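Below is one structure, written out as structure tokens; the observations come after it.
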């Protein structure tokens, strides 16, 4: 004999499932004390980490106007100040390095222009090519 | 948004069932406690701002994920999912008839039948043992559907599968449990 009525079969299955669940429910009352205590402790810890809605720290002045207060502004400025000092320092170093390099190049150019040309230079094929290409003008 | 009291009440209402369910899955009380605690923490930390009616579903999902993470950590995930009986056809159950094993019972009479506490405890152990023998997905679907009293759609959402799969898992779980308990001479 087989179950031909799907609805009846489903009803019986649900009934069976609920009866098993009732038995299992009865079993939860027999959980050892230590386990119950650890579950309670876990619940308490979970409630402690419960996320609280974020509230901005706002001070209300006597006039009823919401303000961050002087200390708030001071902390904001103080937190940005090191970054400003660092940026200014980098700009200053960059300027000094550029100037120093320019002066070094100028010194080398001046030395080349004021020096006498050695005779051996005229035999150098590269120098001849340099004169032909008009670089000596 | 759930108040602290609502969240506390909810956790209190589910913690023991969650613990037992997890024990059925992982078979270790210590690990089960860790998993339940993890799930509670995650629910409270990330979803405490949700309405109270959404908490059960969220908690079941978190608990399932935490249990799965535990299996991953234990490197037994393959063992968990290699149980092909989850995916096999129910051909071997084809001749099983729930009516034959169950229809003769009168539920109200049997639920109320007096049994001593030793016998009840023994039956409970047998039921738990058979539940632990079920394939993981069948066990999960059966416990959510009947013990957590979730409907098919809710169970499907919590398990991340289709409603049809939930029905199949539950039907096979009921058939297997009914057959096994009958073989042990246990009438519910």
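Chains as they are written, first to last, in my numbering: chain A, 16 to 152; chain B, 4 to 191. For each residue, glycine too, the CB sits at the ideal point set by N, CA and C. Here the structure is a predicted model, which means the values were calculated and not measured.
Any beta carbon from chain C within less than 8 Å of residue i's own beta carbon?
| i | result |
| --- | --- |
| residue 142/B | Among the protein chains in the structure shown, which are A and B, there is no chain C. |
Within 8 Å of any Cβ in chain B, is that where the Cβ of residue i sits?
| i | result |
| --- | --- |
| residue 65/A | yes |
| residue 58/A | yes |
| residue 22/A | no |
| residue 33/A | yes |
| residue 46/A | yes |
| residue 106/A | no |
| residue 101/A | no |
Between residue i and chain A, is there a C-beta pair that is closer than 8 Å?
| i | result |
| --- | --- |
| residue 44/B | yes |
| residue 130/B | yes |
| residue 174/B | yes |
| residue 30/B | no |
| residue 169/B | no |
| residue 74/B | no |
| residue 40/B | yes |
Per DSSP, what kind of secondary structure is residue i in: helix, strand or coil?
| i | result |
| --- | --- |
| residue 38/B | helix |
| residue 6/B | coil |
| residue 187/B | coil |
| residue 153/B | coil |
| residue 103/A | helix |
| residue 51/B | coil |
| residue 64/A | coil |
| residue 61/B | helix |
| residue 16/B | helix |
| residue 21/A | helix |
| residue 149/A | coil |
| residue 46/A | coil |
| residue 77/B | coil |
With a CB to CB cut of under 8 Å and the five nearest residues on each side skipped, what residues in its chain are close to residue i?
| i | result |
| --- | --- |
| residue 161/B | 60, 63, 64, 67, 147 and 153 |
| residue 129/B | 184, 187 and 189 |
| residue 142/B | 27, 28, 134, 135 and 176 |
Leaving out five residues on either side along the sequence, give the residues of the same chain with a beta carbon under 6 Å from the beta carbon of residue i.
| i | result |
| --- | --- |
| residue 69/B | 38, 41 and 42 |
Cβ of residue i within 8 Å of Cβ of residue j?
| i | j | result |
| --- | --- | --- |
| residue 151/B | residue 20/B | yes |
| residue 58/B | residue 61/A | no |
| residue 41/A | residue 24/B | no |
| residue 4/B | residue 64/A | no |
| residue 51/B | residue 10/B | yes |
| residue 71/B | residue 58/A | no |
| residue 31/A | residue 168/B | no |
| residue 22/B | residue 46/A | yes |
| residue 191/B | residue 38/A | yes |
| residue 174/B | residue 28/A | yes |
Leaving out five residues before and five after residue i in sequence, what residues of the same chain have Cβ atoms less than 7 Å from its Cβ?
| i | result |
| --- | --- |
| residue 31/B | none |
| residue 165/B | 159 |
| residue 126/B | 189 |
| residue 22/A | none |
Note to self: Extract the residue ranges of the alpha helix (DSSP H) inside the region 118-174 of chain B, only unbroken runs of 4 or more that lie entirely within it.
What the structure shows: Runs of the alpha helix (DSSP H) inside the region 118-174 of chain B: 120-136, 139-145 and 155-162.
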